[in-house]
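Counting from 1, one number per residue, gives the positions in the sequence shown under the working numbering. Cβ coordinates follow ideal geometry from the N, Cα and C atoms, glycine included. Keep in mind the model is a prediction, meaning the values are calculated, not measured.
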Amino acid sequence: MTLKTNIALEGEELRFQMPEADDIISPENLSTIEFSLKAVPEKPDIASCKEVPGLVGLSKEEAESKLQEAGFKAGEILEKESSTSQGTVIGQLPSEGSLAAPGAAVDLIISKIISLKVPDFSGLSLEAAKALIEKSRLRLEGVKEKPSDKTPGIVLAQSLPPGSEVSVGTAIVLTVSVAVFKAPNLLGLELESAKQLIDKSGLLPGSIKEQLVSSGKPGIVLAQSLKPGAEVEKNSKIDLVVSAGKIGSVIEAPLNTFPETAAKEPVNKILSETASKLQPETTFKVSGETPSTAPLETQVKASAEPQVRAQAEPSVKPVPNLVGMPLEKAISLLGAQEIKAGTVSEAVSTAAAGTVISQNPCAGSAVDLSVPVSLRVSKQAPVTQLRSNTISRIKL
Numbered sequence: 001m002t003l004k005t006n007i008a009l010e011g012e013e014l015r016f017q018m019p020e021a022d023d024i025i026s027p028e029n030l031s032t033i034e035f036s037l038k039a040v041p042e043k044p045d046i047a048s049c050k051e052v053p054g055l056v057g058l059s060k061e062e063a064e065s066k067l068q069e070a071g072f073k074a075g076e077i078l079e080k081e082s083s084t085s086q087g088t089v090i091g092q093l094p095s096e097g098s099l100a101a102p103g104a105a106v107d108l109i110i111s112k113i114i115s116l117k118v119p120d121f122s123g124l125s126l127e128a129a130k131a132l133i134e135k136s137r138l139r140l141e142g143v144k145e146k147p148s149d150k151t152p153g154i155v156l157a158q159s160l161p162p163g164s165e166v167s168v169g170t171a172i173v174l175t176v177s178v179a180v181f182k183a184p185n186l187l188g189l190e191l192e193s194a195k196q197l198i199d200k201s202g203l204l205p206g207s208i209k210e211q212l213v214s215s216g217k218p219g220i221v222l223a224q225s226l227k228p229g230a231e232v233e234k235n236s237k238i239d240l241v242v243s244a245g246k247i248g249s250v251i252e253a254p255l256n257t258f259p260e261t262a263a264k265e266p267v268n269k270i271l272s273e274t275a276s277k278l279q280p281e282t283t284f285k286v287s288g289e290t291p292s293t294a295p296l297e298t299q300v301k302a303s304a305e306p307q308v309r310a311q312a313e314p315s316v317k318p319v320p321n322l323v324g325m326p327l328e329k330a331i332s333l334l335g336a337q338e339i340k341a342g343t344v345s346e347a348v349s350t351a352a353a354g355t356v357i358s359q360n361p362c363a364g365s366a367v368d369l370s371v372p373v374s375l376r377v378s379k380q381a382p383v384t385q386l387r388s389n390t391i392s393r394i395k396l
C-alpha cells in the first residue's frame, strides 16, 4: 500500500501527521510511505507440539522414514567429511527432544557419500528412471532403443548391474522399448510393389543392385538385406537385389566392325599386333606407299586416319573353326586365310572373357573372300556384392 503523509520528529519519536479532510497541503510537503499488510498466523499451541526424534547414527533413508512416522519431514540435507560410514546422520536441527510443530522440517547433516549401490531400473518408465538416477547421484549418459512387444518407453536393460557399487556421478546407459517393426517378405515382388510395401512397413528403401538370371523377367526382387520377419527399428533401411535380365543376352551395339574399306582404331591395333604371327606367304607392309600386288596390306597415311584395305583375287575358301579361340588369334587366322573379319559383338558367357563363342558363317562353310565372318565373343557377367545372409536365397 502507498500512503501520503507529513512526517515530523518529536523528540526521539517519528510521528505521522495525517491531513484533515479540508486541509490544503502542497504535495511537495508530503512524504510517500509504502507498506504491506498480512495476516499473522497464530502461534501453535504448545500442547500440539511434538518431540523431534533422535536421528544421529541412522542412515539417510532410515532418518527420513523415522521423521515421516513421527509427523515431521526431512529438510535441507548437508554433507560433511566424517570418519563415520557414508550416508550416516551425524547431526540434526532441531536436535533430539526439541519441540516442533507437526509437519515441521528437520535438517540433517550426513557423512559425505562417495559411492553408492546401483538401483534396478528395469520395468520403470524412462521419466521415472531419470528421476531415480538423479536421486541416486548417477549420471545418465545415453538412452538406446530396442524393438519390443512391451509398452514403448519402458526400461529393458541398463549398463550398470543392479546392486553393484559405483562412485557418485558414474555414467549409466539405459535401453528402452520402442514399437516393433518387422521386415516384410519382398522376394518375388516387382520392384515398385516392393517399394510400396517397404513404405507401409515403416522402413526405408536402401541400395538397389542388379543380378543377371537364367530365367524370369527383369525387375523382380531376388534378395533383401533384412530377413523377412526380422524385428528392426523404425526407418531402418532395406537393400534389394533385383533381376536385370537373362544370362546370355547379346549386347545390341557392336563392339567393333571391320568394313570393307576401313577399320576403326581398336581393330587396327589388333591387326598390327598380330601381323608377325601370320603365315609366311602373307605380308603386312606399313609405309607411305604400298605395292598393289600384296595379298593383304595395311596403309597408314600421315595426313589421314589409319585405314585397312584388303585386296585379293576373288575366290572361295572354307571358313575355319574359330569357336574357343581368343579374339586376337581368330582374327589372325582369318587374315592368314585372306578372309575378312566382320562385326564383333559381345555376349555374357561362362567362357573366358574375349573368347569366340560363335561365328557366322559357321565353320566349314565355303564363302567368297569378299564375305566377312562375324564373330561373337564372351563377356564376363557383372559381379554383384550380396550380404552373406542373403546369398543362400538367390537361385540362379
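Nearest CA to the CA of residue i: which residue from the options?
i    : options                : result
A47  : T151, E20, I220, A101  : A101
N185 : T170, G169, Q224, S167 : Q224
I198 : A366, S215, G229, G169 : G229
L132 : P318, L174, L327       : L174
G123 : E76, A183, T2, P162    : P162
Q337 : V367, V242, P326       : V367
S159 : F121, V180, S136       : F121
G71  : K60, T84, A105, E79    : A105
K50  : K130, E96, R137, A353  : E96
L138 : D22, V118, V344, L187  : V118
G354 : G335, P326, E76        : P326
A74  : K146, S59, A39         : S59
Q196 : V155, I238, L156, S215 : I238
I208 : S215, G216, E190       : E190
I339 : A351, V316, K227, T350 : V316
L187 : K150, S215, L226       : L226
S215 : K234, S236, G245, N235 : G245
N360 : V377, S164, S36        : V377
Q68  : D45, S36, G103         : G103
Sort out for me which residues DSSP pairs residue i with in a bridge.
i    : result
G142 : V173
N360 : S374
I33  : L3
G245 : L212
V405 : Lying outside 1 to 396, the shown extent of the chain, residue 405 is not represented and no answer is given.
D23  : Its beta-bridge partners do not exist; DSSP assigns none.
Q92  : L108
S115 : S167
Q158 : L174
K379 : V348
I220 : E190
E233 : Answer is none; E233 lacks a bridge partner.
Check whether the Cβ atoms of residue i and residue j lie closer than 8 Å to each other.
i    : j    : result
S148 : V178 : yes
T88  : G57  : yes
V168 : I114 : yes
V371 : A341 : no
L126 : I172 : no
I90  : S98  : no
E346 : K379 : yes
V221 : L240 : yes
S365 : V323 : no
F181 : V232 : yes
P94  : V52  : yes
E476 : M1   : The displayed coordinates of the chain run from 1 to 396. Any statement about residue 476 would go beyond what the structure contains.
Please report the Cβ distance between residue i and residue j, rounded to the nearest whole angstrom; I am assuming they are in contact, meaning their Cβ atoms lie under 8 Å.
i    : j    : result
S111 : Q92  : Not really, about 13 Å apart at Cβ, beyond 8 Å.
P218 : S243 : 5 Å
P320 : L333 : 6 Å
V435 : L375 : Any property of residue 435 remains undetermined from this structure, which presents the chain solely from 1 to 396.
S31  : T5   : 6 Å
F399 : I24  : Here the chain comprises residues numbered 1 to 396, so residue 399 is not present and cannot be evaluated.
A63  : L108 : 6 Å
L116 : S136 : 6 Å
V176 : G153 : 6 Å
A183 : L204 : In fact, because the Cβ distance is near 12 Å, the residues do not count as touching under 8 Å.
DSSP state of residue i, grouped into three classes?
i    : result
D107 : strand
K135 : helix
L197 : helix
G188 : coil
G457 : No answer is possible for residue 457: the residues shown for the chain start at 1 and end at 396.
G354 : coil
P320 : coil
G153 : coil
K80  : strand
S349 : coil
I331 : helix
E69  : helix
K130 : helix
S399 : Any question about residue 399 goes unanswered here, given that the chain covers just 1 to 396.
I238 : strand
I46  : helix
E61  : helix
A39  : coil
E28  : helix
A101 : coil
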